[in-house]
Every structure is written in C-alpha cells, then in structure tokens.
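As given, the protein sequences belong to chains A and B, one line each in that order. Numbering-wise (my numbering), the first sequence opens with residue 1 and increments by one. Numbering-wise (my numbering), the second sequence opens with residue 489 and increments by one. Worksheet for the structure shown next.
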Amino acid sequence: MHNLLRFRLNDELIELATLDPTATLLDFIREQKQLKGTKEGCNEGDCGACTVALGTHERGELVYRPVNACIQLLGMVHGAHVVTVDSLSNGAGATHPVQDAMVKHHGSQCGFCTPGIVMSLYCLSLDRKDPPTRETVNTWLAGNLCRCTGYRPIVDAAMESCFPNNSPEKDVQKVDGFDCSGSLFIGDENSFFAAPATLEEALQLYAKHPDATPVAGATDVGLWVTKRLDKLTKILHLGRIKAFDTILQTNGMIRLGAGATYETAFSVMSEIDSDIASVISRIGSRQVRASGTIGGNIANGSPIGDTPPILIALGATLELQKAGASRTIPLEEFFIEYGKQDRQSGELVTAINVPTLKTNERFRSMKISKRFDQDISAVMAAFKFTVSDDEISEARIVYGGMAGTPQRAKCTEKELIGATLKDESSWETAIAALDTDFSPMTDMRASSNYRGLTAQNTLRKALVELSGVDTLVTRVTAHRTSDLGQTE
Amino acid sequence: MNIQHPKKALNQTTVVRHPIPHDSGTKHVSGLAKYIDDLPEPHGTLHVVPGLSPIAFGKIISISLEKVLSYPGVVAVLSAKDIQGSNDTSPTGAGDDPVFAEKKITFHGQALFAVVAETRLAARHAARLADIKCEESDGLLVSAQDAIAANSEVLEDYQFLRGEPQAAIEASVHRLESTIEIGGQEHFYLEGQVAMAIPGEDGDMRVLSSTQHPTEVQHVVSHVLGVPQHSVTVETRRMGGGFGGKESQASQWGALAALASQVTGKACKVRLDRDDDMMMTGKRHDYSVSFSAGYDERGRLTSVDTSFASRCGHSADLSLGVNDRTMFHADNAYYYPEVCIHSRRMRTHTVSNTAFRGFGGPQGLLFAERMMDEISIQTGIDPLDVRKANFYEHSERNVTPFGMVVEDNIILDLVEQLETSSEYRARKTDIDGYNQESRFLKKGIALTPVKFGISFTLNHLNQAGALVHVYTDGSVYLNHAGTEMGQGLYIKVAQVVAEEFGIDLDSVKISATTTDKVPNTGPTAASAGSDLNGMAVKVAVDQIKNRMRDFVAKRNNTLPADVKFAENRVSAGDYSIGFSELANEMHLERISLSASGFYRTPKVEWNRDKAEGRPFFYFAYGAACSEVLVDTLTGEMKVTAIDILHDVGKSINPAVDIGQIEGGFVQGMGWLTTEELVWDDCGRLRTHAPSTYKIPCASDIPEHFKTNLYESDGNREDTIYRSKAVGEPPLMLAVSVFSAIYHAIASINPGRAPILNAPATPEAILKAVQSIKGNH
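Okay, here's the thing in structure tokens:
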C-alpha cells in the first residue's frame, strides 16, 4: 500500500503525501508547478487546449497518449509520466520537429490552442511508423479545437512531421520505472483518494464507504468536479485494479473488463462489425477515448451514451460485483429509468459480456449528431437482425437519445418479424411502430420531431443496406473517409 | 478587368509582401507565449468570480451573502454599492450595461455580485452559495419574434430607400416573397475573458486586459472607479482569439478586476469559467428577415424590399453599428434599382448581442444570396448566372442603396476567374447527373461572391496612432494602437517598419498595446487594423527618416530625397553609413530619434441622419465555390470541396492573409452549419459549453480546400503598400456552403424553394427536405 502519490512530470519526480481527492492534473501543472504552457480553454475536456501526453507502462514500455489535463484527477496519474509542452522547449524556443512544422506551415494564429495541438501531434508522432494520412491526423485532432486557422495548415504540418524517424532521440522518453504497483491510498476515513490494486480490495473499500465515488477515466466525473463543483470527498479510482481492463475472447463471446477504455476495446469491438468501429471512433476524442471506459459509459446511466445501444442490440450481459456477491443481468435491465440504474450499494460494474454475431445475424449502427466528430448523439441507433432467406426472423432495435434510458423498440421489433428485405413495403408497419415505442424529448441537441423522424429513417436506411445497397449510396458518413485505425 | 493603378508600379520589397511567420509562432508552439493568466501574479493576488442571476427577467428581492462570506478564503463580496463611479460598462455610455444588476434583472446569467477570494476555486465555490431571492416579471421576451410581437425595441428603426420599391415589384414580370431566419454565433475564442488589475500609487490602476479595445476598457474602468482616465493604464500584449467578442465585452471584466483592486488594495484577477463566459457575454445577432422582390426574365432584379429584425438582447451595446452594417451589406455585390432596406433592433431579455467578425454584414449578405438562390429556383436559370446578371457595373448600375458609388468594382473578373479555375460548370453538370441517380444522397455546388465595405461607419473610429523609437544601437521599438488577437497585425506592422527603415525584421521590437504609449485609440476591429496602424506607423517612421535624410544630406551635401534606406544602411550617392552608426551619431548631435504617428482614413464621410455620403474607403472582394453532400434521411452533411479566390490588394504578408481567409471561411462555415445557439422558454442559454455548442473541428474541413489570392496592381486607394483589409470579408465566403446545401436539397423537387434556415444543422436540413417533398 502506497501513501505517496508518485509520478514524473517532464523530468521531475513528483511525490505527494497529501492530496485533495478532486484536485485536477491541470491545476497542479499550472498552479502548483507554475508551468504555464498548458492552457485551460473549457475546463470540461472538449477543447483540448490542456492536452498533455500521459505515458503509462504497458508490457515493459511507456506508451504515450494525449489526455485532457483539466478533467484528469491528479491521483489518477500515479506511476505515470506526464509530458507537457514546456518540456518541448529549451526556454527560448521549440525543440521538436512537430513544432518547427507548425511554425513553418503557419499553424498558429492566436496560439492559445497550439500547445494542446502540439501535444496531440507529439503523441501521434510517437505512435507512427510512417507519415500519417490526412484522415488519421483529423482523427487525432478531433479533440483539439482551433478557432483561428481552419485547421488546414495544422494538418499539413502534422502530415509532414508526425512520424518517429523524424523525432530526435530525446523523444523516446526513457523514464525509469519506479515501483508504483500495489494500491494507493491517500487521506483518511473521511476524505481520500484510493486506487486499489485488486478488485477484492476495491469492493471491500466500497462496501465500507458506499458513499465513495467510483471513477474510471473521469471523462464524466471530471465535469462533476470542474463544472457542478461537487465536493466529492471519497474517490475510488478503478484504474489501477489488476486485470480490470482485460478483454477475453472465447467462442462467440467477448468479455470486456469494465475498465477497458474505448481505445483498448476498439479493435475487438470493431471485429464484430465495421459500424461499431465507426461509432467508437466518433465517441469523444482521442483524449476522451484514451481515458473513458466502456464500463463507465454504462455505469453512469446516461441516456445518451453511445455504447449501450450497441451492446444491448448485441444482447450483452452485465457483470456486477460487491463484496462477497456477484450477479449477471441483461444489460438492458440495468437501465431502469432516467438517473436510476440497477446498481446496489457497494456494487461495481465489473465486466460486459458481448456475444459476437452468428452467421445469420446482421448488425447496423448509426450515430447522428450536429458535428461528425466529438459530439453527443441526438439519436444513436443500433440494430441486430436475424435473417434467413431474406426474411427477418428476429430483430433487436435499440436507440439512445429517444427516451430516459437506452431503450429497445419492442413494438417495432415485433412488427419486423416476417418482413422481407427485398420488399420495402413489408417494412412500413414496423417503421411506423417506432412512434408507438418512443415519445422523444426536445432539447438543445434536437427536437422531438427530428428524433422521431431520424429514428425511422435510420431503421429504413439499415434495411435498405441489408437488402444489398452499399453505404456509399446511403450514408454521407461513409464519404467521410476516416482512417479508423486506432493502434496501427 | 484589372484595376488601372493610379501610381507607378511599386519597387521590389525585401520584408513586406513576404510570407513571414507570425512573430509569436515559435512561442506559441513551445508554450512560451504568455496570456494574461500565464503572467506572474503579484504577491497576494486575489481572484474574482461573479455571481449570476438565476432568472432572465424580474426583480431582485434580496441577496443574502452570509454563506458566501463565511466560505474559507473569501475576502470580500462586491455589489453595486461598492462602485464609487458609475455602474455602467456600456460602450456608448448608454447606461444600460451595469457591472452588477441592482434592482432589475434583464437576462439570465447577469452579474449580481462578485466574490473576491484567495483562490479562484474558493471564489467559484462561494459564488454559488448566495441565497438569491428574486421575482420573475411578466412579459419575458426571449426571441426576436417575441420582441416583435411586444413591439420591444432597443434602438430606433432605420431605413434606406430608393424609388418606390413596392410599386416596382408590383409592376415586375416576376415576383418573389420569402423569409429566412438567421442564427447567431458564439465567438468561442479559445482564451476566455480575463483581466488582471494591479493597483498603484495615488489611486492609479494598471489593468492587463484581453481586449480588442484597450482605450474603451480604460474609459470604462475610469468611470466605474470614479477616477480620471490618466489614472488608468490598460495593456494588451495578445489575446487568445477575439473575433469581436472582446471589443466591447471585455470592459466589464476589466472594470470588475479594477473595482476589486480598488476595494481590497490588492492585485485582482477575473478569469471567467467557459460556461459563465458563454452565458454572460454577447454573441452574433440572430435575425428574422422577410423580403419581396421583382425581377425580369433573365433573373435581373427590378426592385427589392427587405426588412430585418435582429435580437439585440437586453441593452444597446454595439447594436446600432451592427444593424447598420447589415443594411450596408444587404446588397452584397448586386445592384438594386429600386430598394427599401428596413431594420428593426429588438430588445429581448437575453445577453446583449455584440460585435462578431463581419459586424452584421454577414447576415445582410446571406439575405442577398438567398434571394439570388430563390430567383434561380423560380426561373430555372443557373444560380451563378442569376448572380452575374445582378452584379454592380461600372459606369451605370453602380450606386449602392446608401448612395455610394462603387468605384473599385472587380467582382465580375474575380468571379469569372474562379468559375474557370474551380471548373464550376462541369462539376455542376456532373452533380445534376448524380442527383438524378441518387435516391438518398444529394450533392450541391454554389459559387458566391463577397463585397465588403472597409472603414468604421462610426467615423471617429477611423483613426490610429503609433510610437516609434530608434535607439542608439539601431534597434527599433514599435508601439501602435492595434491589438494582436492572432490575426498577425503585429507582424504586418513590424514588416512595414523594417521595410521603411531598410533594416532587418529582427531589429524591430514588437511591444504590447498600451494606453499610456498610444492614447485615445479605436478598437482593433472592422478589419481595419493594418490599414490604420500600418499607416500611423509609417507616418511616425517617415518623421525619423526625414531627420535621418536631412542629417545625411547635410553631411554629404546631397539632397534629402536622394538618401536611401536599405540593407541596414543609409546611403546617398557614394556615401553609406550603418543604420546603427547613424542613430548613434544623430544622438550625439542631439537629434530626436523618436516620433509618434497619427493617421485618419481619408475620403470617408457618412451622414447617418440623411443616410448619405461615403461610409467606406473601399471595398474588399472575394468569391468561393463550395460543394456539399447531403443525406436526405438524416440531414447529415459534408462539405466535400472548397475553392476560394480572394482580393487582398497587394498583400503585406501572404501567409498571414491566407490564414485569415481560410480561418474566416471555416468560422463562417461553422456559423452556417453546426453552430446552433439554443435558448429555452425561460430565457436560459442551453448551449453554454463546447459539449453542446459545436464549432468546426479538423474533420469538417475537406481535403480539397484551395485558396488563392486575386492578382492585381493592388488597392486603388492609397492604403499601406496598396494592401486591403482581410479580417472579416472571408467569413462571408462560407455562404457558398449554405447555398450549396440549399441547392442539394432543392434538387429533390426542382422548381420548389426549400425552407432552409441558418444554421443548416442536420435537423434544419431534414426539415428543409420535408418542406419540399410531395406536392403543394
């Protein structure tokens, strides 16, 4: 058990014996360490001005990912190497090829977003074996907003400079591993930041402190702290639990450890269907996907999370555990109503079991939002059809954004049974039945009318596609040639 | 046609006209560029956070602050009673923009009080602990439509009228009647509003402010504190973006920091949280436009009658100028033989809308382009041909609705160059074919022009000053009235200095804009930054150069006119002396090496009461061709290609100018596509963070994004190095995207005009699709 938070910030070893449980990494960098290169733009993980590179030990090496320092709780970086833009400067100027390229291509105007962009591109350059495509750069920059340049010069700079052969030796950060395995607990019974190393320990602690706030990637809880100003006195960080992010593949089933990030789960989920790849690559941004977890996306109970409709359509089950007890339920039963989930006191979401597709099953999912990248869905649709001889024998039709929870369209599902893929007229009753299944709300993302119509049209589109029409003919999003490779 | 340049061709230049990187580029990329929140804080600096109104319209019954005051770290709570001067931050002195609301609440999120604490976090927590009792009043007005119904106006109507437009419409072969709703826009400067005040002796106050208008912050601080203007110095080194959002809207935060300093005697900093910033500061005005027009067989207008009603918000702010500029640009590049342009300025219980890149012009221009598109749909004539048929001409059909003759018209030549280079016609044919075949997806293409008037229409703002010192080692210190918000003004002006003195750019020190070096300035706005400050600096430099010329000429018995400045040397005939050596020698001879410069824009004169005169020194022109792909089942849209040709005269810095053009375009594209401001029925802004308010991101930009500068002999007016203003005009090039979307939708049912309002979000697009499906 460690009672000392230890991490490396650029070249400095940081050791902290006391810690405000909700202190953020950004405030530590800017206020405590007076490193002012990293900026605060929005304080909610959307603009990317605070992007830093977070290096974590994986299979014997340090892997660097861009994260939003503003919503990263300080305790979460235990054992990690935090690299800020300040370390890419010798006090007088830039030292990295990405920076030179940014200047050369006129990639900064007001300059406020620039340090965050440089750090995203720095991580991209460490991730590359060869120069990136424009699409790859766009994917990596989805979480870095620039209001001045229109991005073209930034992307040009990235394409020219973001590959490791172009990086000086110094870049491959060699930080000696210091012993941070084992659990972390800072604080006392009344207020603490705890990061247990085993699930058993986490469950014990949660049983003792059912009022603690479990945190995985903090891409949601971070905003409770920075925006709602919640005073969370007991933080139970799940990110250090051994094997909590393990992904197991057995015949016809994938078991996702609840701590698997979107990024970790990407490739295995993508294998189920390419539509899942398209959706996951549009959840948040690179920064958010590096931190946020599938388990967290479920456990927070949001009606607009993008993965629950997909998982429910696939027929996923949810494992929950508390000290001395565990249970498995169909995922759809976890969501009771808006703001209410079937999670008992002291219970954690521990895993999601996802059945893969059988040969006669077809899957489609579509995310509809105002902006293509890094936007919360107005409507999130996911469908699984069982098809034999062009006839639908079973359907799981699930929507997010249409009700207080991610929800199946039971009437529609029923009406679809017996529909023929080759005969559009056989779909109409089912499509119309969506009006019976849902009475969506109007909010800042979309009106009730739009949601209703789009729900119908996404289903229609899926059926058209299943009948053999190419997505290039049915979807604008298919023309957004996005390079989905997350870990090439 | 190319402009016939009135003067001889310009000589080769060594610094000016070169694509030199932004002066702070290296500092930006290495995190070394300091913004206000990055500067060292004086010991004991306190942090100020405003407390916000929970309702949009009503009365304050009581505000109980016990819990706020007892929160650990809180030093003071400020309210209206702490103000020794006047409780107003209005840019026009209208008295309608209080630092703190006193009795009446006029918008949701209005500042009621402010917490001063040892840390910003403590102040943020404490500010939410106030027990605010207020009473909502009847008659809440949220939208412009609400205000029209209630006849609630913040300023008087204004109108341009020529001929008898309604009669002319009646007499026309074809008639058109339509409406368009145009949404507002949040600036979303990446650096939020911030100011730090540092108290000095004798009640002096130094305020570091992220503002486009240091002089105005100085004036507002002076009258809020009740001290003379000479006691207040305001300094701005750089902003992390402005876009108009820090023209008048920075004053309140400068005043708040200064007030806290005056009360506590400590340095005080205000840095708004992003959500507070978005709720508390004004945005681009949204408009309801209704119009009718008459035109002939070839789509040429005979008469236009249009009425604009904008949501100004709870106070006047800059709404007079903004709405006037909408009217000045309701013609865009088109001649309206008979015309009425009417403008209403509606008062609502929402945050006061303000300057935003284009300053009302974009909304006027969007109306004009929608009218062209509807004529095209009614007649079946290609929209580009409708546009060309209506362009201003040269000897006739060249007078604007406000009586100004368009003297520098290049629009037809510019548009035809782009028409050729973008292969508009061939692509249009391909798209028509695609749309006939494609059931769900539709393509659209549009080539739209921009003509934008350059000069402040409030004439006294058309002035600037500069201060230039040459030191005895030949290094040069540069200061001027303009502020740097990322647009590259500082580097452009420094290039002018280096070019004029014939010295290296490195020899010129760029310095922060500050009211004690160059006083009584206008804002850095209206795209006029380099026109005004470039000239003011040249005036200062010329004075020093003339002294140098006299000195060298006298010493060598040559004429001052023969003295040349180049390659860090000053030469006359066979004689040559190093610039630094000359400076030192002149100092020893007791000759001043410092000068201030002053410039006022010539020719401009606008009599608003009579609606006559020449409000603009010249016009900037441009055109863009955009192509889009629209999903008719979901309303999703992608911009697939952009070609731009833009007129910047003879560019001072082509790299900086292209950056302004591309960045402006993308910002305009955001305004017209993904950026949607949503208020609820209680008058609360629901899109007050980047999670809900979506500016463009990298993947929204097509790979095909080509920008070219229009080649010419330069501005026909005598501007600095014959350049043209570039800050605002390119934003309106993005109207081509909106128009392309419109035509993509219209292809579903040719001959019917879709109802598409801005922004064209997926929802707005789907609604427009529904609007023309089926029969009448």
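In this text, a Cβ means the ideal position worked out from N, Cα and C, and glycines have one as well.
{"Check": "Collapsed DSSP secondary structure at D171 (chain A) in the structure displayed", "Outcome": "Because the pLDDT at D171 (chain A) is just 48, under 50, the model does not fix this residue reliably, and the point stays unresolved."}
{"Check": "Beta carbon proximity, T1180 (chain B) to chain A, threshold 8 Å", "Outcome": "yes"}
{"Check": "R475 (chain A) at chain B interface by Cβ criterion, 8 Å", "Outcome": "yes"}
{"Check": "G187 (chain A) (DSSP reduced to helix, strand or coil)", "Outcome": "strand"}
{"Check": "Proximal chain A residues relative to E679 (chain B), where beta-carbon distance stays under 8 Å", "Outcome": "K39, G41, C110 and F112"}
{"Check": "Under 8 Å (Cβ pairs) to chain D, residues found in the stretch 917-949 of chain B", "Outcome": "The structure shown contains no chain D; its protein chains are A and B."}
{"Check": "Positions along the stretch 1163-1176 of chain B whose CB lies within less than 7 Å of some CB in chain A", "Outcome": "E1164, V1166, R1174 and T1175"}
{"Check": "Min CB distance G150 (chain A) to chain B below 8 Å", "Outcome": "yes"}
{"Check": "Any C-beta of chain A under 8 Å from that of R505 (chain B)", "Outcome": "no"}
{"Check": "Counted within 10 angstroms of its Cβ, other Cβ atoms place H707 (chain B) as buried (16 or more) or exposed", "Outcome": "buried"}
{"Check": "Any C-beta of chain A under 8 Å from that of H1134 (chain B)", "Outcome": "no"}
{"Check": "Chain A contact residues for V1118 (chain B), given Cβ-Cβ distances below 9 Å", "Outcome": "V476"}
{"Check": "Heavy atom of the ligand SAM within 7 Å of V473 (chain A) beta-carbon", "Outcome": "Ligands in the displayed structure: none, and consequently the ligand SAM is not present."}
{"Check": "Within 8 Å, strictly: CB atoms of L319 (chain A) and N297 (chain A)", "Outcome": "For the sequence presented, residue 319 (chain A) should be read as Glu rather than Leu. No, Cβ-Cβ distance for E319 (chain A) and N297 (chain A) is not below 8 Å."}
{"Check": "Residue-chain proximity (T317 (chain A), chain B), Cβ-Cβ < 8 Å", "Outcome": "no"}
{"Check": "Cβ-Cβ distance between I551 (chain B) and I620 (chain B) below 8 Å", "Outcome": "yes"}
{"Check": "Contact set between L184 (chain A) and chain B, taken where Cβ atoms lie within less than 9 Å", "Outcome": "Those within 9 Å of L184 (chain A) in chain B number zero; the least Cβ separation is about 23 Å."}
{"Check": "Three or more C-beta pairs below 8 Å linking the stretch 836-850 of chain B and the stretch 882-898 of chain B", "Outcome": "no"}
{"Check": "Members of the stretch 428-447 of chain A near chain B, C-beta cut-off 8 Å", "Outcome": "D443, M444, R445, A446 and S447"}
{"Check": "Positions along the stretch 751-772 of chain B whose CB lies within less than 9 Å of some CB in chain A", "Outcome": "R759, D761, R762 and D763"}
{"Check": "At least 3 beta-carbon pairs within less than 8 Å: the stretch 115-127 of chain A vs the stretch 32-40 of chain A", "Outcome": "yes"}
{"Check": "Length-filtered (4 minimum) alpha helix (DSSP H) runs lying within the stretch 530-591 of chain B", "Outcome": "554-557"}
{"Check": "Span separating the alpha-carbon of V792 (chain B) from that of N1056 (chain B)", "Outcome": "58 Å"}
{"Check": "CB of I312 (chain A) within 8 Å of CB of A260 (chain A), strictly", "Outcome": "no"}
{"Check": "CB contact check: V118 (chain A) to chain B, cutoff 8 Å", "Outcome": "yes"}
{"Check": "First and last residue of the uninterrupted beta strand (DSSP E) at I991 (chain B)", "Outcome": "Per DSSP, I991 (chain B) belongs to no beta strand (DSSP E) and is neither H nor E."}
{"Check": "Closest by C-alpha distance to P1250 (chain B), when choosing among B:S1235, B:I1229, B:R1088 and B:V587", "Outcome": "B:I1229"}
{"Check": "C756 (chain B) vs V604 (chain B) beta-carbon contact at 8 Å", "Outcome": "yes"}
{"Check": "Three-state class that DSSP yields for A313 (chain A) in the structure shown", "Outcome": "helix"}
{"Check": "Cβ separation of A374 (chain A) and P66 (chain A), assumed to be a contact under 8 Å, to the nearest whole Å", "Outcome": "A small correction: the amino acid at residue 374 (chain A) is Gln; Ala does not occupy that position in the sequence shown. Contact doesn't hold; Cβ gap of about 13 Å is too wide."}
{"Check": "Chain-ordered residues of the stretch 1134-1153 of chain B with a beta carbon less than 7 Å from chain A", "Outcome": "A1143, G1147, E1150, G1151 and F1153"}
{"Check": "CB contact check: I1183 (chain B) to chain A, cutoff 8 Å", "Outcome": "yes"}
{"Check": "Three-way DSSP call (helix, strand, coil) for H718 (chain B) in this model", "Outcome": "helix"}
{"Check": "Which listed residue (B:I942, B:G651, B:R835 and B:L872) has its alpha carbon closest to that of R813 (chain B)", "Outcome": "B:I942"}
{"Check": "C-alpha distance - A462 (chain A) paired with Y399 (chain A), whole-angstrom precision", "Outcome": "13 Å"}
{"Check": "8 Å Cβ cutoff, H1266 (chain B) in contact with chain A", "Outcome": "Residue 1266 (chain B) lies beyond the stretch modelled for chain B, which goes from 489 to 1264, so this question has no answer here."}
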